[in-house]
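Working notes, structure below.
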Amino acid sequence: MKGTRTASVALAVTLLLLSLSMLTGCSGKRAEVVLRVYNWEEYIDEGGEGAFLFDFMHEFDDNGEVVLGADGKHVHIRDGLVDEDYEEWYTSAMGVPLDEEGPSMIDDFERWYEKQYGVSVKVEYSTFGTNEDMYNEIVLGNEYDLLCPSDYMIMKLAAEGRLEKYDSTFFDESIEENYYIRNVSPYIREKFETNAGLETAEGAPRWSEYAAGYMWGTTGFVYNPAAVSREELDEKGWQVFIDPAYSNKITAKDNVRDTYFAALGVAFEDELLSLDRTDLGYNASLTRYFNATDEETISRVEPVLMRIKDNIYSFETDTGKADMVNGKIWLNYAWSGDAVYAMDLAESEDDTELAFYVPKAGSNLFFDGWVMPKGVTERKTKHAAQAFVNFLSMPQNAMRNSYYIGYTSVISGENDEMLDYADYFYGVDRDYEESVKYDLSYFFGDAAEIYTIPSQAMDRQLFAQFPPADVIERCAVMDYYGEEATVRINELWSRVKAETLDAWAIIVICVTVAAIVIGVVAAKFGGKIDFFRRKPKKGYSLVKQEQDRGD
Amino acid sequence: MKIPRFSRKTLCIPYAVFLVFFVIIPMLVILFYAFTDKEMHLSFHNFIRFFSDPTKLSTIVYSLVIALITTVVCLLIAYPVAYILARSTLKRKFVILMLFVMPMWINFVLRVNALREIFNSLASAPGMEWLGSANYFKTVFGMVYDFLPFMILPLYTTMQKIDPSLYEASADLGGSGATSFFRVTLPLSMPGIMSGVTMVFLPSMTNYVVSDMLGNAKVTIIGKFIYEYFGSDWHMGSMVALILLIVVFLSTWFSGGFKSEENVRGANL
Numbered sequence: 053m054k055g056t057r058t059a060s061v062a063l064a065v066t067l068l069l070l071s072l073s074m075l076t077g078c079s080g081k082r083a084e085v086v087l088r089v090y091n092w093e094e095y096i097d098e099g100g101e102g103a104f105l106f107d108f109m110h111e112f113d114d115n116g117e118v119v120l121g122a123d124g125k126h127v128h129i130r131d132g133l134v135d136e137d138y139e140e141w142y143t144s145a146m147g148v149p150l151d152e153e154g155p156s157m158i159d160d161f162e163r164w165y166e167k168q169y170g171v172s173v174k175v176e177y178s179t180f181g182t183n184e185d186m187y188n189e190i191v192l193g194n195e196y197d198l199l200c201p202s203d204y205m206i207m208k209l210a211a212e213g214r215l216e217k218y219d220s221t222f223f224d225e226s227i228e229e230n231y232y233i234r235n236v237s238p239y240i241r242e243k244f245e246t247n248a249g250l251e252t253a254e255g256a257p258r259w260s261e262y263a264a265g266y267m268w269g270t271t272g273f274v275y276n277p278a279a280v281s282r283e284e285l286d287e288k289g290w291q292v293f294i295d296p297a298y299s300n301k302i303t304a305k306d307n308v309r310d311t312y313f314a315a316l317g318v319a320f321e322d323e324l325l326s327l328d329r330t331d332l333g334y335n336a337s338l339t340r341y342f343n344a345t346d347e348e349t350i351s352r353v354e355p356v357l358m359r360i361k362d363n364i365y366s367f368e369t370d371t372g373k374a375d376m377v378n379g380k381i382w383l384n385y386a387w388s389g390d391a392v393y394a395m396d397l398a399e400s401e402d403d404t405e406l407a408f409y410v411p412k413a414g415s416n417l418f419f420d421g422w423v424m425p426k427g428v429t430e431r432k433t434k435h436a437a438q439a440f441v442n443f444l445s446m447p448q449n450a451m452r453n454s455y456y457i458g459y460t461s462v463i464s465g466e467n468d469e470m471l472d473y474a475d476y477f478y479g480v481d482r483d484y485e486e487s488v489k490y491d492l493s494y495f496f497g498d499a500a501e502i503y504t505i506p507s508q509a510m511d512r513q514l515f516a517q518f519p520p521a522d523v524i525e526r527c528a529v530m531d532y533y534g535e536e537a538t539v540r541i542n543e544l545w546s547r548v549k550a551e552t553l554d555a556w557a558i559i560v561i562c563v564t565v566a567a568i569v570i571g572v573v574a575a576k577f578g579g580k581i582d583f584f585r586r587k588p589k590k591g592y593s594l595v596k597q598e599q600d601r602g603d
Numbered sequence: 027m028k029i030p031r032f033s034r035k036t037l038c039i040p041y042a043v044f045l046v047f048f049v050i051i052p053m054l055v056i057l058f059y060a061f062t063d064k065e066m067h068l069s070f071h072n073f074i075r076f077f078s079d080p081t082k083l084s085t086i087v088y089s090l091v092i093a094l095i096t097t098v099v100c101l102l103i104a105y106p107v108a109y110i111l112a113r114s115t116l117k118r119k120f121v122i123l124m125l126f127v128m129p130m131w132i133n134f135v136l137r138v139n140a141l142r143e144i145f146n147s148l149a150s151a152p153g154m155e156w157l158g159s160a161n162y163f164k165t166v167f168g169m170v171y172d173f174l175p176f177m178i179l180p181l182y183t184t185m186q187k188i189d190p191s192l193y194e195a196s197a198d199l200g201g202s203g204a205t206s207f208f209r210v211t212l213p214l215s216m217p218g219i220m221s222g223v224t225m226v227f228l229p230s231m232t233n234y235v236v237s238d239m240l241g242n243a244k245v246t247i248i249g250k251f252i253y254e255y256f257g258s259d260w261h262m263g264s265m266v267a268l269i270l271l272i273v274v275f276l277s278t279w280f281s282g283g284f285k286s287e288e289n290v291r292g293a294n295l
């Protein structure tokens with residue numbers, strides 16, 4: 053008996069020690085810097101099958117099964133997208149040979165940082181689903197070192213003083229490791245320095261002080277050319293949202309800002325189309341229309357939103373891609389990166405072609421950037437945070453991320469490497485008789501162009517991933533609405549999303565509920581509540597009540 | 027070695043700690059947020075805003091109606107099943123019961139997603155196109171599917187506890203099948219009905235995952251409101267949560283959920 057007890061005590065002590073050692077043991081090989089990165093879901097190259105390096109290291113047969121190159125070597129990379137010696141570059145940069153399984157960007161950063169700076173780093177990577185979720189986490193005091201909010205959220209965070217500025221050396225182009233500033237597109241650089249020309253930019257903190265770009269894009273419609281023709285879209289524009297011809301065949305986004313933006317497009321399409329495109333202030337006027345949040349605008353947009361709700365198939369955040377591919381819907385209001393993803397998926401899975409359309413009247417232009425919350429200096433993580441941004445900005449890595457997530461990197465590359473990327477996937481020989489010139493000089497600088505097939509230039513992946521200049525000119529950035537207007541818009545959204553009963557119906561229901569409540573209460577306390585009789589004396593209560601009940 | 031002796035009081039400590047940190051303090055925080063404004067000053071603004079906004083009141087009503095239909099349908103399906111299972115002399119009735127309960131072991135998001143896919147493929151069949159936009163129908167269907175085990179289990183356990191000699195007595199005294207059911211089975215299974223109803227009714231008012239996934243996000247119930255407000259305005263979100271709490275409290279109270287078992291055993295409705 054006693055033996056058992058001793059044994060169990062010994063067991064308990066062993067277990068306790070074991071768990072303690074496991075708690076501390078996790079950090080047995082401790083990293084000197086822990087970098088906490090908070091990014092969108094599925095917004096970085098996570099390696100493995102389907103990732104850039106994997107796909108380029110392997111050959112696939114007709115069924116999509118993996119077949120290694122004939123000599124077991126990495127044929128595709130040598131075939132030459134990046135360099136002749138990509139593997140060599142990789143090995144020298146990361147300090148390890150290229151893994152055939154396809155390494156993840158985060159692991160690669162850890163290797164690269166340690167090799168470059170001699171300090172070991174551990175990235176704690178977590179993801180969020182909406183800007184608002186991320187904002188709540190920050191306000192609640194969760195400590196992160198690097199975040200990836202969208203344009204308006206960068207402005208909100210900066211205005212509230214929650215962000216740390218980038219070091220001035222970060223923008224020094226003469227430093228070899230400053231990959232961001234050396235490779236970022238001149239177009240993006242200008243946008244980040246002027247806050248994309250938003251009106252609230254007057255006196256507000258510059259994006260460029262607090263943020264380094266990551267991905268950007270436009271919104272538009274992914275459409276199924278088998279069901280909807282391009283001419284129809286040209287003719288109807290934003291009105292497809294309320295056109296009964298597409299009833300239950302179109303989707304909107306399940307968040308207030310994007311759907312409000314779309315409703316503004318529907319409501320003000322005529323005004324937007326009548327704007328003079330040659331006017332220097334064209335984009336500014338357009339931006340003003342797409343950022344109106346006053347009462348008058350809202351009262352004009354509200355019935356439009358109601359009609360949109362009645363006409364669409366669903367409000368969605370990510371089911372639209374699948375619904376588009378399986379043909380359930382014909383039109384999906386989407387971000388350009390998701391559009392690329394949907395087009396790729398439809399091609400590889402169903403052998404069908406989808407296309408992307410940006411309304412003539414104008415659409416949305418967005419930027420996501422890396423920012424550092426306050427406290428990175430105290431935590432001594434600022435250096436690693438900035439290095440992370442620089443690492444992602446190497447053209448080789450920008451390609452990997454772009455390939456994986458479908459969105460467009462802000463990186464153009466010192467030697468226009470991203471243009472080579474576009475050319476590799478979408479380009480054709482310029483002598484090919486059907487080839488068309490696709491001008492991207494606004495993004496890459498002078499005379500940057502590739503030759504491609506007409507469909508890519510018009511409405512396919514190339515068009516979605518690298519929109520032509522005339523599309524960009526008719527796109528407006530969404531501003532941060534401000535506290536008061538945000539409340540207004542959110543109220544509008546809840547009115548739209550919920551069914552509102554008529555006042556009389558509410559009254560009738562309330563009266564009925566109240567009647568039931570009173571009835572139930574009366575039934576429960578029947579006989580117990582009696583104001584006209586005095587309380588029984590102490591000690592008599594039980595007997596008295598029994599008698600009452602007997603009556 | 028001396029075994030430490032625990033008094034009843036010390037045994038309560040773990041639960042008391044849990045109660046304070048995970049029930050009482052969060053409730054107080056919700057209460058605090060509901061009645062303050064952005065500057066953390068005392069304010070009844072959100073309270074007034076809620077009751078002067080037809081949208082919010084309508085959503086409460088819609089949620090109640092959806093929850094009510096779900097509960098009634100669950101009860102109509104679960105009662106006969108539980109009745110048959112409890113009274114049958116099948117040797118393998120345990121297996122049948124398991125078949126009803128087993129779906130609970132699979133993650134519910136997964137199940138709802140599967141249901142969504144089934145609806146999708148059904149809706150593409152000729153003559154079934156209406157299903158694609160029958161959002162309220164799909165939502166209620168999903169809720170029933172999700173919550174049915176929570177109705178069957180308490181009903182089954184209650185009915186199993188009913189002494190079979192009571193049925194015999196009823197028959198001996200000349201009661202017909204219907205009389206036995208209404209005067210013996212039904213009153214005695216009331217506690218099971220009550221706990222089943224509570225377990226189905228309350229979650230189906232707030233389970234917006236089902237309404238979002240199956241109702242194409244076009245069906246809004248009160249839980250979704252709370253979720254959305256916590257993205258932008260914690261104070262209003264807390265107020266909605268608080269009001270829902272009161273509604274839940276009242277409905278539990280009326281259904282006798284707070285009474286102890288002995289009292290409920292009688293025909294309490």
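Top to bottom, those sequences are chains D and U. Yeah, the first sequence ends on 603 if you go by this note's numbering, and it's all consecutive. Yeah, the second sequence ends on 295 if you go by this note's numbering, and it's all consecutive. Each residue gets a CB set at the ideal place from its N, CA and C atoms; glycine is no exception.
Residue environment, residue i, which counts as buried when at least 16 other CB atoms sit within 10 Å
i        : result
D:Gly80  : Confidence at D:Gly80 is low in this model, with a pLDDT of 46, below 50, so the placement of that residue should be treated as unreliable; the coordinate-derived value is given next. By the 10 Å Cβ count, D:Gly80 comes out exposed.
U:Phe47  : exposed
U:His67  : exposed
D:Ser464 : buried
U:Met53  : exposed
D:Ile570 : exposed
D:Trp484 : Sequence inspection shows Tyr at residue 484 of chain D; the Trp mentioned does not correspond to that position. Exposed, since its Cβ has fewer than 16 Cβ neighbours within 10 Å.
U:Met312 : The question about residue 312 of chain U has no answer, for chain U in this structure spans 27 to 295.
U:Leu148 : exposed
D:Ile240 : buried
Boundaries (first-last residue) of the alpha helix (DSSP H) holding residue i
i        : result
U:Cys38  : 34-45
D:Phe342 : 334-342
D:Thr179 : No alpha helix (DSSP H) holds D:Thr179; the beta strand (DSSP E) holding it covers 173-180.
D:Cys527 : Premise fails: D:Cys527 lies in the beta strand (DSSP E), 527-529, not in any alpha helix (DSSP H).
D:Thr303 : No alpha helix (DSSP H) holds D:Thr303; the beta strand (DSSP E) holding it covers 302-305.
U:Leu83  : 80-113
D:Phe313 : 308-319
Unbroken beta strand (DSSP E) run spanning residue i, endpoints
i        : result
D:Gly269 : 263-275
D:Trp92  : 85-92
D:Tyr490 : 488-491
D:Thr504 : 501-504
U:Ala195 : Note, U:Ala195: premise wrong, no beta strand (DSSP E); alpha helix (DSSP H) at 190-198.
Cut-off 6 Å between Cβ atoms - residues of its own chain near residue i, not counting five sequence neighbours on either side
i        : result
D:Ile364 : Ile302, Thr303, Ala304
D:Ser299 : Asn363
U:Asn161 : Gly241, Asn242, Lys244, Val245
D:Tyr473 : Met451
Any C-beta of chain B under 9 Å from that of residue i
i        : result
U:Lys164 : The structure shown has no chain B; the protein chains it does contain are D and U.
Close-in-space but distant-in-sequence residues of the same chain around residue i (CB under 8 Å, 5 per side omitted)
i        : result
D:Val308 : Ile541, Asn542, Leu544, Trp545
Contact set for residue i: own chain, Cβ-Cβ below 7 Å, skip 5 residues either direction
i        : result
D:Ala256 : Met207, Ala211, Asn247
D:Gln438 : Tyr218, Asp219, Phe222
Give the list of continuous beta strand (DSSP E) stretches no shorter than 3 residues that lie fully inside the region 393-429 of chain D.
Restricted to the region 393-429 of chain D, the beta strand (DSSP E) segments that are unbroken, complete and at least 3 residues in length are 407-409, 415-425, listed in chain order.
Are the region 203-221 of chain U and the region 331-339 of chain D in contact at 8 Å, needing three or more beta carbon pairs?
The region 203-221 of chain U vs the region 331-339 of chain D: no contact.
What runs of the beta strand (DSSP E), each 3 residues or longer, lie entirely inside the region 352-397 of chain D?
366-368, 383-387
Tell me, please, whether the region 97-108 of chain D touches the region 144-156 of chain D by the rule of three or more beta-carbon pairs shorter than 8 Å.
yes
Touch check for the region 494-514 of chain D and the region 538-546 of chain D: three-plus C-beta pairs under 8 Å?
Three or more beta-carbon pairs separated by less than 8 Å are not found between the region 494-514 of chain D and the region 538-546 of chain D, which leaves the two stretches without contact.
For the pair the region 118-130 of chain U and the region 263-280 of chain U, tell me if three or more CB-CB distances fall below 8 Å.
no
Can you confirm whether the region 283-298 of chain D touches the region 389-398 of chain D when touching is taken to mean that 3 or more C-beta pairs between the two stretches lie within less than 8 Å?
no
List, from N- to C-terminal side, the beta strand (DSSP E) runs of 3 residues or more that fit wholly inside the region 124-187 of chain U.
none
Would you check if the region 441-456 of chain D and the region 226-242 of chain D touch, i.e. whether three or more CB-CB distances between them fall below 8 Å?
yes
Do the region 198-207 of chain D and the region 405-425 of chain D meet, that is, are 3 or more Cβ pairs less than 8 Å apart?
yes
Residue ranges of each beta strand (DSSP E) within the region 157-229 of chain D, 3 or longer
Correct list: 173-180.
Count the CB pairs spanning the region 225-237 of chain U and the region 65-81 of chain U that are closer than 8 Å, and state whether there are at least three.
Contact fails: fewer than three Cβ-Cβ distances are below 8 Å.
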